[in-house]
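Data block below; observations after.
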Amino acid sequence: MEFDKWETVELMIDLETQVGKIYSMFAEQFCEDRDFWARLAEEEMEHASLLRTHLEFLVESKPVFDSLAPEKKETFLAVHRRITAILAEIKTVQVTRMDAHSVALQIEQSAGEAHFQETIERDDPRVPVAVFANLASADKDHARRIQEHMGSIAADSSRAGGIAL
Numbered sequence: 668m669e670f671d672k673w674e675t676v677e678l679m680i681d682l683e684t685q686v687g688k689i690y691s692m693f694a695e696q697f698c699e700d701r702d703f704w705a706r707l708a709e710e711e712m713e714h715a716s717l718l719r720t721h722l723e724f725l726v727e728s729k730p731v732f733d734s735l736a737p738e739k740k741e742t743f744l745a746v747h748r749r750i751t752a753i754l755a756e757i758k759t760v761q762v763t764r765m766d767a768h769s770v771a772l773q774i775e776q777s778a779g780e781a782h783f784q785e786t787i788e789r790d791d792p793r794v795p796v797a798v799f800a801n802l803a804s805a806d807k808d809h810a811r812r813i814q815e816h817m818g819s820i821a822a823d824s825s826r827a828g829g830i831a832l
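This note's numbering runs 667 ahead of the 1-based position in the sequence shown.
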């Protein structure tokens, strides 16, 4: 498979959008957690918008794409398939509050989200790397907030259906 920079960045944008949709569904499903999930969904959509805004800079930045080698694209594709499957499953399976938090935490710590962290570990002050730095920081913050919120709710003992993680 040929490495296509544009396709890879578009895939990254779509990953952020899909995660935002998952969080939006959680906001609709769990009224007691609506504000929490709605805010995370909004932030994921902002991440997609940020990537979209800097699309040309990202694609033209050789250091960024040296770290997003073709094998990374395969990782993004695998994560994308997983997130798409989770989104489809959420529509058909009763998800508990704890399931929602577990899924979200795994998403935020996934290889698809970690692409930002890996990219910013380079010492390069250019705008594209700053974009990744902001997104990596946001992903870490999301994971922390999900863990804190997860700890604040009582575990739902009825694991009706559940989500295959």
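Ideal Cβ positions, reconstructed from N, Cα and C, are used throughout, including at glycine.
All values derive from a computational prediction rather than experimental measurement.
| Asked | Found |
| --- | --- |
| Which residues in the same chain as L754 place their Cβ atom closer than 8 Å to its Cβ, once the five residues preceding and following it in sequence are excluded? | Q685, K688, I689 and M692 |
| Let me make sure I understand the geometry here. Which of D700, D766 and I680 has the alpha-carbon closest to that of E713? | I680 |
| DSSP on S777, reduced to helix/strand/coil? | coil |
| Hey, out of E677, I750 and S769, whose CA is closest to H721's CA? | E677 |
| From the DSSP output, in three-state form, read off F693 for me. | helix |
| Going by CA-CA distance only, name the one from H768, E674, A715 and E709 that's closest to L683. | Per the sequence presented here, residue 683 reads as Glu, with Leu not at that position. Closest option to E683, Cα to Cα, is A715. |
| Are E775 and H809 close, meaning C-beta to C-beta below 9 Å? | yes |
| Using only the alpha-carbon positions, how far apart do T763 and L744 sit? | 27 Å |
| What's the C-alpha gap between V746 and I757? | 16 Å |
| Measuring straight from C-alpha to C-alpha, what distance separates D766 and R811? | 16 Å |
| Would V794 be called buried (16 or more neighbouring beta carbons within 10 Å of its own) or exposed? | Residue placement at V794 is poorly supported in this model, since its pLDDT is 48, which falls under 50; the coordinates still yield a value, given next. It is exposed - the Cβ of V794 has fewer than 16 other Cβ atoms within 10 Å. |
| To which residues of the same chain is R719 closer than 7 Å at the C-beta, ignoring the five residues directly before and after it? | I680 |
| Helix, strand or coil for I813? Go by DSSP, reduced to three states. | helix |
| Given a cut-off of 9 Å, decide if R749 and S777 are closer than it, judged by their beta-carbon atoms. | yes |
| CB-CB under 8 Å to I813, same chain, minus the five flanking residues each way: which ones, in chain order? | L707, H768, A771, L772 and E775 |
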